[in-house]
Each structure stands twice: as structure tokens, then as C-alpha cells.
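Undergrad: Pasting in a structure now, in C-alpha cells, and then I'll have a few things to ask.
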Amino acid sequence: MHCISNPLPVMETFYSIQGEGYYQGHAAFFIRLAGCDVGCVWCDVKESWDANQHPMQHIENLVEQVKATKAEIVIVTGGEPLMYDCSQLTTALQANGYRTHLETSGAYPISGNWDWICVSPKKFKAPLHEVMQLANELKMVMYHSSDFQWAKQQAEFVSENCLLFLQPEWSKEKQMLPAITQFIQENPHWKLSLQIHKYLGVR
Ligand code: SF4
């Protein structure tokens with residue numbers, strides 16, 4: 001294959017089911033870009049942090065991998081995808097008829113053309129307002145009781161149409177769920193997101 005695109009560092013690609021947020025339950029092809037300097041203590045993909053540990057892949061090659069599946073949605077996640085210019089990737093995916101979904105901490109400027117943007121802000125490296133404004137979905141990972149206040153603060157920065165989700169951090173799920181349930185009952189514009197792929201035992 002003759003490749004003209006800039007390659008991107010890719011930790012893994014796989015076809016699975018979106019386990020979280022608004023598109024929970026939808027089949028989706030995942031492209032996990034490598035590289036992240038946000039440093040969440042509870043990160044469940046720490047092996048993604050060092051981009052040098054992962055091979056560079058050309059966009060043409062990534063599109064071919066998607067084409068080998070019946071996916072309609074491609075979710076670009078990380079790592080932190082916005083550490084890279086995602087323009088060529090989203091252009092190529094959309095040219096082939098795929099929906100482009102982004103999962104980001106919002107800590108880097110936006111690049112690429114996205115059909116859906118999920119921002120999951122992290123205290124360790126705060127999100128940029130320009131990214132928060134574009135979010136279709138705000139997903140707050142709840143690890144500690146102080147995170148409720150943090151979630152409310154972050155919700156001030158998104159557009160009024162942005163969907164709001166609270167998601168217990170996986171290792172704290174049992175401890176956090178009662179307080180999350182109570183919070184949602186008192187603030188019904190927020191919804192619960194559970195990582196159903198972890199229950200299903202899929203990636
Ligand atoms: Fe891990 Fe995501 Fe946090 Fe980066 S932003 S450290 S990949 S959870």
C-alpha cells in the first residue's frame with residue numbers, strides 16, 4: 001500500500017462494544033492512540049502512556065482494519081488522542097462513511113472533525129475551555145467524594161446541550177455507587193454511566 005498520511009502511534013485497535021456513556025451498547029471499532037501525560041493515578045491503561053513503546057501506523061492501514069469489520073462507529077481513544085493532529089485520521093474515516101467519535105481528557109487543543117466528542121476532564125491536567133465547549137458528552141470519573149464538586153464545576157463549562165454522565169472509577173465502584181445514585185436523584189440532569197464492557201469481560 002502506498003501511504004501518504006502522517007503515521008500515528010497506536011497501542012491497539014479492536015472491534016468491540018462501547019461500554020460507557022451515551023453510546024453504551026453500540027458496536028464500535030476502537031483505535032487507541034499511544035501517549036498520555038495527564039497522569040491519572042487510577043488510569044487503567046498506563047501502558048499507553050509512553051508512545052515510544054508502540055508502533056507507528058499509517059492512517060490508510062487503520063482504515064483498512066476498520067473496513068475488515070462491520071463497524072459504523074470508530075472511537076478514537078487513548079492515551080490522549082489530542083496530543084496528535086487527528087485531522088487526517090478523521091478525514092479518511094469520514095470519507096469511508098464512518099462516524100468519528102473522540103474520547104479525550106480535553107487537555108490539548110482540538111484537531112480533527114468529530115461526529116461525537118466525549119470529554120472526560122481530569123484534575124491532574126485540567127481541560128481547555130475550547131474543547132469543553134465542543135463536548136457532546138461530559139463523562140466524569142468518580143473516584144473520591146470530592147469529585148462531585150469537581151463534576152459540578154466542570155459542567156459549568158460545557159454547552160447547554162451537552163449530556164452529563166457520572167461514572168464510578170472501576171476499583172471504587174462499590175464504594176462510590178450509593179453516593180452517585182443519591183447525587184443523580186438530586187440532580188436528575190446527570191445520568192449514570194457504568195463500564196459494561198468490564199462486566200462483559202470484553203475490551
Ligand atoms: Fe490514563 Fe486517560 Fe488519565 Fe491519560 S487521561 S492517564 S490515558 S485515564
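Its first residue numbered 1, the sequence shown is counted upward by one per residue in our numbering.
Where is the CB? At the ideal position from N, CA and C, for every residue including glycine.
1) Relative to ligand 1, is the shortest distance from any of its heavy atoms to the C-beta of G21 smaller than 7 angstroms?
2) Does the distance between the C-beta of G97 and the nearest non-hydrogen atom of ligand 1 fall short of 7 angstroms?
3) To the nearest angstrom, report how far apart R203 and I110 are at their CA atoms.
4) Is it the case that the CB of V45 approaches a heavy atom of ligand 1 more closely than 7 angstroms?
5) Could you spell out the range, first to last residue, of the alpha helix (DSSP H) harbouring V63?
6) Evaluate the contact criterion for the segment 17-34 versus the segment 156-167: three or more CB pairs, one atom per stretch, below 8 angstroms.
7) Please name the residue, chosen from N161, G112 and G25, that lies closest to I196 on a Cα-to-Cα basis.
8) Is the separation between the beta-carbon of L33 and that of G78 shorter than 8 angstroms?
9) Which residues share a DSSP beta bridge with Q167?
10) I need the boundaries of the alpha helix (DSSP H) containing K191, first residue and last residue.
TA: Checking against the coordinates, here is how it stands:
1) The residue given as residue 21 occupies position 21 in the sequence shown. Not so, every heavy atom of ligand 1 lies at least 7 angstroms from the Cβ.
2) The count along the sequence shown starts at 1 and reaches residue 97 at position 97. No, the Cβ of G97 stays beyond 7 angstroms of every heavy atom of ligand 1.
3) In the sequence shown, the residue the question calls residue 203 occupies position 203. In the sequence shown, the residue the question calls residue 110 occupies position 110. Going by the C-alpha atoms only, they are around 26 angstroms apart.
4) In the sequence shown, residue 45 corresponds to position 45, counting from 1. It does: the Cβ of V45 is within 7 angstroms (strictly closer) of some heavy atom of ligand 1.
5) Numbered from its first residue, the sequence shown carries residue 63 at position 63. First-last of the alpha helix (DSSP H) with V63: I59 to K67.
6) yes
7) Counting from 1 along the sequence shown, the entry for residue 196 is found at position 196. Measuring from the Cα of I196, the nearest candidate turns out to be G25.
8) Within the sequence shown, the letter at position 33 stands for residue 33. Within the sequence shown, the letter at position 78 stands for residue 78. Yes, Cβ-Cβ distance for L33 and G78 is below 8 angstroms.
9) Here residue 167 refers to the residue found at position 167 when the sequence shown is read from its first residue. According to DSSP, which records beta bridges pairwise, Q167 is partnered with V141.
10) Translated into the one-based positions of the sequence shown, residue 191 becomes position 191. No alpha helix (DSSP H) contains K191, which is instead part of the beta strand (DSSP E) from W190 to L192.
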